[in-house]
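J.:
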Amino acid sequence: MYRLRFHGRGGQGARVASKVLGTAAFLDGYYAQDFPLYGAERRGAPVAASTRISEEPIMERGVIPEPDIVIVMDETLLQDPLTMPVSGLKQGGIVLINTAHSPAEAKAEYKITAQVLTLDITKIGLDMLGMPILSTLAGGVAARIVGLSEESLKDAVKKVLSEIITDRKLLDKNVAAALYCFNAITPAKIEIKLKTIGTTKKKSTVISLPFEHAAVSSPAINATGNTPLRMTGNWRVFRPVWNYDSCTRCMICVARCPDGCILVNEDDYPYTDYDNCKGCLICIEECPTNSLGKVREVHA
Ligand code: SF4
Ligand code: SF4
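All residue numbers for the sequence shown refer to the numbering used here, where the first residue is 323 and numbers rise by one.
Rendered as structure tokens:
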């Protein structure tokens, strides 16, 4: 059995990525399970999703504490002590990181000892879909890592997305982006074999419910008034930037920022607190004079 965990941020598509993978595995003739685990239920908050793939009926349930493969859809999560995406990774397992950096750079940066693969999935999403929604793309790389077929991936993306969106062109772009990601990585050497359960062990009818460590799920909110302590600035794909030449100081952006992190300087111009701006870009949409632009963040 393969056990995979996807780690992303609310809005990136970790749940759909796990579903695309599970559906592709099912279409390839395997048993599959896929399910999300939400934390703060908030855009940008850490989200985990899991997929189990097996040649035998899957009796396990619950979160996967010891995955064979981890897909990190947002590399800033690797620096989040409450999320710890690679926790519990099995010996011989693989980590795929969405980053502009090479595997060697990412290994050194995040002190990961396991086998690391990297791909700038965000760039592919921006180039091919025009937005940083990475569900089908992450599903594509995961399908390649576990050795599923291109045809099943294609059908899975169509099936899963047709339940969510009606835009045919966007669906076709997602199929193309998923296949691009599928072919963009070199298949990794996985030491875990698919036929682990049922061939080497006696079959069990007992459903295993492993203890769910908070650290492998999502950060808990344990105290009131702790929002200012949680720096959400590392959640951004883009940062908003101001052009004061055309800004009329109407303060609409200040009022519309959902995080209340746009402040006003001594000259009465707005500016954001980048420690807490989560990069939703609502301020850009709301500005009547187009005085706000966006610049992509590249982490690490
Ligand atoms: S992108 Fe703009 S609206 Fe969104 S959190 Fe940052 S400053 Fe606020
Ligand atoms: S909404 Fe636009 S014009 Fe108004 S204060 Fe903000 S940046 Fe300036």
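For each residue, glycine too, the CB sits at the ideal point set by N, CA and C.
Figure out for me which residue from Tyr432, Leu456, Pro562, Ile446 has the closest Cα to the Cα of Lys341.
T.: Leu456
J.: Using 7 Å as the cut-off, classify the Cβ of Thr570 as near or not near the heavy atoms of ligand 1, replying yes or no.
T.: Thr570 has its Cβ no nearer than 7 Å to any heavy atom of ligand 1.
J.: Tell me, which residues are paired with Asp564 by DSSP?
T.: This sequence places Trp at residue 564; Asp is not what is there. Answer is Leu614, bridged to Trp564.
J.: Here's the rule: buried if 16 or more other CB atoms are within 10 angstroms of the residue's CB, otherwise exposed. What is Asp494?
T.: exposed
J.: Quick check: the Cα distance between Ser471 and Ala465, rounded to an integer number of angstroms?
T.: 8 Å
J.: Quick one, which of Glu619, Met553, Lys616, Leu475 has its alpha-carbon nearest Gln503's?
T.: Just to set this straight, residue 503 is Cys in the shown sequence, not Gln. Cα-wise, what sits closest to Cys503 is Leu475.
J.: By how many angstroms is the C-alpha of Leu441 removed from the C-alpha of Gly344?
T.: The straight-line gap separating the alpha-carbon atoms of Gly344 and Leu441 is approximately 21 Å.
J.: Mind pulling the alpha helix (DSSP H) runs of 4 or more residues that sit fully within the segment 414-439?
T.: 425-432
J.: According to DSSP, Ala371 sits in a beta bridge with which residue or residues?
T.: Phe328, Pro358
J.: What does the Cβ neighbour count give for Pro319, buried or exposed, with the cut at 16 atoms within 10 Å?
T.: In the structure as shown, the chain begins at 323 and stops at 622. Residue 319 is therefore absent and cannot be evaluated.
J.: Measuring alpha carbon to alpha carbon, tell me which of Ile446, Val417, Met453 ends up nearest Cys602.
T.: Met453
J.: Assign Thr522 to buried or exposed, taking buried as 16 or more other Cβ atoms, counted over all protein chains shown, within 10 Å of its Cβ.
T.: With a pLDDT of only 42 at Thr522, under the threshold of 50, the placement of this residue in the model should not be trusted; the figure read from the coordinates follows. Under this definition Thr522 is an exposed residue.
J.: Can you name, in chain order, every residue of its own chain whose Cβ lies under 8 Å from the Cβ of Val563, other than the five neighbours on each side?
T.: The residues are Leu614, Gly615, Lys616, Val617.
J.: If you run the structure through DSSP and keep just helix, strand and coil, what is Thr444?
T.: helix
J.: Using 8 Å as the threshold, is the C-beta distance between Pro368 and Thr405 below it?
T.: yes
J.: Apply the 10 Å Cβ neighbour rule to Val397 and answer buried if 16 or more other Cβ atoms are within range, or exposed otherwise.
T.: The question names Val, but residue 397 in the sequence shown is Glu. Glu397 comes out buried.
J.: Would you check if there are 3 or more beta carbon pairs closer than 8 Å linking the segment 583-601 to the segment 565-574?
T.: yes
J.: Within 10 angstroms of its Cβ, does Ile486 collect 16 or more other Cβ (buried), or is it exposed?
T.: exposed
J.: On the three-state DSSP scale, how would you describe Ile391?
T.: Here DSSP, grouped into helix, strand and coil, assigns Ile391 to strand.
J.: With H, G and I counted as helix, E and B as strand and the rest as coil, what does DSSP make of Val559?
T.: Coil, per DSSP.
J.: Leaving out five residues on either side along the sequence, give the residues of the same chain with a beta carbon under 8 Å from the beta carbon of Asn598.
T.: Pro550, Met553, Thr554, Gly555, Asp581, Cys583
J.: Less than 7 Å between the CB of Pro592 and some heavy atom of ligand 2, yes or no?
T.: Pro592: yes, Cβ under 7 Å from ligand 2.
J.: Is any heavy atom of ligand 4 found at a distance shorter than 7 Å from the C-beta of Trp557?
T.: For the structure depicted, ligand 4 is absent and the ligand set comprises only ligand 1 and ligand 2.
J.: With 16 other CB atoms within 10 Å as the buried threshold, where does Tyr566 fall?
T.: Residue burial is scored here from C-beta neighbours: Tyr566 has fewer than 16 other C-beta atoms within 10 angstroms and is therefore classed as exposed.
J.: Just list the residues that DSSP pairs Tyr593 with in beta bridges.
T.: Leu585
J.: Helix, strand or coil: which one does DSSP assign to Tyr502?
T.: helix
J.: How would you write the range of the alpha helix (DSSP H) that Val338 sits in, first residue to last?
T.: 336-349
J.: Going straight from the alpha carbon of Gly330 to that of Gly410, what length do you get?
T.: So the alpha carbons of these two residues sit roughly 17 Å apart.
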